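Undergrad:
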Amino acid sequence: MSKTFSIGGIHPIDRKFSKDRPIEDLPVPQRVYLPMNQHLGMPSVPIVKKGDRVKVGQPVAEAAGFVSAPVHASVSGTVADVALYPDFQGKRVLTVVIETEGDEWLEGIDRTSQLKQEITTVPEETFRKIKEMGIVGLGGAAFPTHVKLTPIEGMQPEYLILNGSECEPFLTSDYRLMLEHGQEILIGAELMRRVLGTDVNGIIGIEENKPLAISAMQKIAANYLQWKVVPLKKRYPQGGEKQLIDAVLGRKVASFALPISTGAIVQNVGTAFAVYEAVQKSKPLLSNVLTVTGSGPTIQKNYRFRIGTSMRDILYSAGALDPEGNLLPQFAKLVSGGPMMGKAVVNLQAPVVKSSSALLLLTEKETKRQEPGDCIRCAKCFQACPMHLQPYLLYQLALAGRTEELEKHRVFDCIECGCCLYTCPAHIPLLDQIRLAKNASLKNKRKK
Ligand code: SF4
Ligand code: SF4
Numbered sequence: 012m013s014k015t016f017s018i019g020g021i022h023p024i025d026r027k028f029s030k031d032r033p034i035e036d037l038p039v040p041q042r043v044y045l046p047m048n049q050h051l052g053m054p055s056v057p058i059v060k061k062g063d064r065v066k067v068g069q070p071v072a073e074a075a076g077f078v079s080a081p082v083h084a085s086v087s088g089t090v091a092d093v094a095l096y097p098d099f100q101g102k103r104v105l106t107v108v109i110e111t112e113g114d115e116w117l118e119g120i121d122r123t124s125q126l127k128q129e130i131t132t133v134p135e136e137t138f139r140k141i142k143e144m145g146i147v148g149l150g151g152a153a154f155p156t157h158v159k160l161t162p163i164e165g166m167q168p169e170y171l172i173l174n175g176s177e178c179e180p181f182l183t184s185d186y187r188l189m190l191e192h193g194q195e196i197l198i199g200a201e202l203m204r205r206v207l208g209t210d211v212n213g214i215i216g217i218e219e220n221k222p223l224a225i226s227a228m229q230k231i232a233a234n235y236l237q238w239k240v241v242p243l244k245k246r247y248p249q250g251g252e253k254q255l256i257d258a259v260l261g262r263k264v265a266s267f268a269l270p271i272s273t274g275a276i277v278q279n280v281g282t283a284f285a286v287y288e289a290v291q292k293s294k295p296l297l298s299n300v301l302t303v304t305g306s307g308p309t310i311q312k313n314y315r316f317r318i319g320t321s322m323r324d325i326l327y328s329a330g331a332l333d334p335e336g337n338l339l340p341q342f343a344k345l346v347s348g349g350p351m352m353g354k355a356v357v358n359l360q361a362p363v364v365k366s367s368s369a370l371l372l373l374t375e376k377e378t379k380r381q382e383p384g385d386c387i388r389c390a391k392c393f394q395a396c397p398m399h400l401q402p403y404l405l406y407q408l409a410l411a412g413r414t415e416e417l418e419k420h421r422v423f424d425c426i427e428c429g430c431c432l433y434t435c436p437a438h439i440p441l442l443d444q445i446r447l448a449k450n451a452s453l454k455n456k457r458k459k
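Per my numbering, the sequence shown starts with residue 12, numbered consecutively.
1) Looking at glutamine 249 and cysteine 178, is the spacing between their C-beta atoms short of 7 Å?
2) Check whether the Cβ atoms of glycine 20 and proline 436 lie closer than 7 Å to each other.
3) Within 10 angstroms of the Cβ of arginine 323, are there 16 or more other Cβ atoms? Answer buried if so, exposed if not.
4) Rounded to a whole number of angstroms, what is the C-alpha to C-alpha distance between glutamate 35 and leucine 188?
5) For proline 308, count neighbouring C-beta atoms within 10 Å of its own C-beta (all shown protein chains included) and say buried if the count is 16 or more, exposed if not.
6) Within 10 angstroms of its Cβ, does threonine 106 collect 16 or more other Cβ (buried), or is it exposed?
7) Comparing C-alpha positions only, which one of Pro40, Glu375, Pro70, Phe28 sits nearest to lysine 294?
8) Give the DSSP-derived three-state secondary structure of serine 184 in the structure shown.
9) Using the three-state DSSP reduction, which class does serine 298 fall into: helix, strand or coil?
10) Closer than 7 Å by C-beta to arginine 446: which residues in its own chain qualify, once you throw out the five before and the five after it? Chain order, please.
11) Taking the straight line between their C-alpha atoms, what separation do you get for alanine 268 and alanine 227?
12) If you measure from each CB to the nearest heavy atom of ligand 2 and keep those under 7 Å, what residues do you get, in chain order?
13) Select from Thr209, Lys456, Leu45, Lys230 the residue whose C-alpha is nearest the C-alpha of isoleucine 215.
14) With distances taken between CB atoms, is the gap from leucine 400 to arginine 421 smaller than 7 Å?
15) Could you check if proline 362 is buried or exposed, using at least 16 other CB atoms within 10 Å of its CB as the buried criterion?
16) Note the first and the last residue of the continuous beta strand (DSSP E) segment covering leucine 243.
17) Quick check on serine 124: does DSSP put it in helix, strand or coil?
18) Between the segment 274-281 and the segment 249-265, do at least 3 Cβ pairs fall closer than 8 Å?
19) With a 10 Å radius around its C-beta and 16 neighbouring C-beta atoms as the bar for buried, classify isoleucine 310 as buried or exposed.
20) Quick one: using the 10 Å Cβ neighbour count with 16 as the cut-off for buried, is proline 38 buried or exposed?
21) Closest to arginine 42 by CA distance: which of Leu190, Thr320, Ala258 is it?
22) Taking the alpha-carbon of serine 17 as reference, which of Tyr247, Met352, Arg64 has the nearest alpha-carbon?
23) Applying the criterion that 16 or more other CB atoms from any shown protein chain within 10 Å of the CB defines a buried residue, is isoleucine 196 buried or exposed?
24) Looking at the strands, I want to know which residues DSSP matches up with valine 133.
25) Using 10 angstroms around the beta-carbon of phenylalanine 181, count the other beta-carbons present and answer buried if the total reaches 16, otherwise exposed.
26) Quick check: is any heavy atom of ligand 1 less than 6 Å from the C-beta of glutamate 377?
27) What did DSSP end up calling tyrosine 247 once you bin it into helix, strand or coil?
28) For aspartate 185, is the classification buried or exposed, using 16 other Cβ atoms within 10 angstroms of its Cβ as the cut-off for buried?
29) Quick one: is alanine 390 near chain D, going by C-beta distance under 7 Å?
30) Short check: CB of glycine 145 to CB of alanine 80, under 7 Å?
31) Would a C-beta distance cut-off of 7 Å place serine 347 and valine 357 closer than the cut-off?
32) Roughly how many angstroms separate the alpha carbons of glycine 349 and alanine 369, rounded to a whole number?
33) Spatial neighbours of glutamate 418 within its chain, please: C-beta separation below 8 Å, excluding the five flanking residues on both sides.
34) Starting from the Cα of alanine 395, find the closest Cα among Leu345, Cys425, Ser306 and give me that residue.
35) Out of Met166, Leu296, Gln360, Leu207, which has the shortest C-alpha to C-alpha gap to phenylalanine 138?
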């Protein structure tokens, strides 16, 4: 019997058009842009300057504290700049720019695709490598992985849950990774499990709309005593950390509590693959897999990209640009991420980063928002909210700027999943206002 989470959620059509497209390696770009804020926590600090020569895999920025991560050169060449560059939303971020020359790798990195199955590193060494290789959560939040693997006094990990649900419509990069690199994913997951403790159990949660991935991972997990696959019902946002713990274990993460308070730690399948490469191959986080997709039948791709490649370079390879380098006229909007949680791209020259999962091409018709009407008190937004919040109330409080009441009504529990917006028959921009209010409250808190 497939499992699922107990509160709210929606069933959007999955539109996984690119699911049968194998992962292709993108050409090495002529330039990469490596922002210093590719993870949650303190931004990285550059350790190179303009004119320096770097090899692939060489650190170009160091972690600025424990909750931070280093950044490595994803191409070889010359550092062209260390300055502020606009990200995909136009926000200026300190960025190391490298002009590519050749493809020269740092010694000691195993670039072969040969599987290294045997685990020879002790947990302390695994932890050190994960930290030094700049591994962060690739499921979206980009939380530094070593921080999640650090013990917290009084909280004993019992389960490591591997998130293979990929519940957002359109996205297929995790699915392809499970089909093409399931062994590596499980070795990476096992490495993390050993860091957490030998008595920790491993569970891989995969939605039932991916039967091939379920059977592939089940076959591999059969060789690992402590691992099993749990099929999940198709329901959004199943991949949310709190929803996944509820679905798999039936345990609820309380407001403001860490997931580990339930005995569970969640890592994404992409992160497990990156851990495999870091520990077994001494390869820093230099590349990731992303989906380029849309409703049209022509552009459906799963690409392995060098981190820092510009979105424009990727779209060019996918055939989504006109000769002037702009989006083809049939595409009205580009979104970084999925249709539920992704954000509109305003700067095509911005790079894809460690946690980029998709570039979604939307048509004019798909981007048209209906005029918002009046609330008809149908409570659909409340029923859909997986965090048991009252979205319309939060929306009203946000409009009125009533910060204290917003906090009392748990605005910070909002995971920005968009379920409320999706279900509202009056097309009220609930999430937009809630997001604005959250950001304003956070800014105020930081000032105090
Ligand atoms: S976006 Fe926030 S308020 Fe809306 S359904 Fe998701 S968690 Fe609830
Ligand atoms: S779903 Fe929309 S119309 Fe219904 S109660 Fe919520 S805000 Fe009002």
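Even glycine gets a Cβ: it sits at the ideal position worked out from N, Cα and C. Since the structure is predicted, the reported quantities are computational estimates derived from the model, not experimental observations.
TA: Looking at the coordinates:
1) In contact: cysteine 178 and glutamine 249 (Cβ atoms closer than 7 Å).
2) It is not a contact, given that the beta carbons lie outside the stated cut-off.
3) With 16 or more other Cβ atoms within 10 Å, it is buried.
4) It is roughly 11 Å from the alpha-carbon of glutamate 35 to the alpha-carbon of leucine 188.
5) Answer is exposed; the Cβ neighbour count stays below 16.
6) Taking a 10 Å sphere around the C-beta of threonine 106, we find 16 or more other C-beta atoms and assign the residue as buried.
7) Pro70 is the residue among Pro40, Glu375, Pro70, Phe28 whose C-alpha sits nearest the C-alpha of lysine 294.
8) Note: serine 184 maps to helix in three-state DSSP.
9) DSSP places serine 298 in strand when its eight states are reduced to three.
10) Hits under 7 Å: Glu427.
11) CA-CA distance, alanine 268 to alanine 227, rounds to 34 Å.
12) Here the list is Cys386, Ile387, Arg388, Cys389, Ala390, Lys391, Cys392, Phe393, Pro402, Tyr403, Tyr406, Cys431, Thr434, Cys435, Pro436, Ala437, Ile439, Leu441.
13) The closest CA to that of isoleucine 215, considering only Thr209, Lys456, Leu45, Lys230, is found on Lys230.
14) Here leucine 400 is near arginine 421, since their CB atoms are less than 7 Å apart.
15) The residue in question, proline 362, is buried, as its Cβ has 16 or more Cβ neighbours within 10 Å.
16) For leucine 243, the enclosing beta strand (DSSP E) starts and ends at 238-243.
17) Coil.
18) Touching, yes.
19) Looking at its Cβ environment, which holds 16 or more other Cβ atoms inside 10 Å, isoleucine 310 is buried.
20) Exposed, by the Cβ-count rule.
21) Minimum Cα distance to arginine 42 is reached at Thr320.
22) Measuring from the Cα of serine 17, the nearest candidate turns out to be Tyr247.
23) Classification for isoleucine 196: buried.
24) Listed as beta-bridge partners of valine 133 by DSSP are no residues whatsoever.
25) Burial call: buried.
26) If you check the C-beta of glutamate 377 against ligand 1, you find no heavy atom less than 6 Å away.
27) Strand at tyrosine 247.
28) So aspartate 185 counts as buried.
29) Going by chain labels, chain D is absent from the structure shown, which holds only one protein chain.
30) Closer than 7 Å, so yes.
31) With a cutoff of 7 Å on beta-carbon distance, serine 347 and valine 357 are scored as not near each other.
32) Cα to Cα, glycine 349 sits roughly 6 Å from alanine 369.
33) Setting aside the 5 residues that flank it on each side, glutamate 418 is surrounded in the same chain by Ser452, each with a C-beta closer than 8 Å to its C-beta; the list follows chain order.
34) Residue Cys425 holds the alpha-carbon nearest to the alpha-carbon of alanine 395 among Leu345, Cys425, Ser306.
35) Selected option, being the one with the closest Cα: Leu207.
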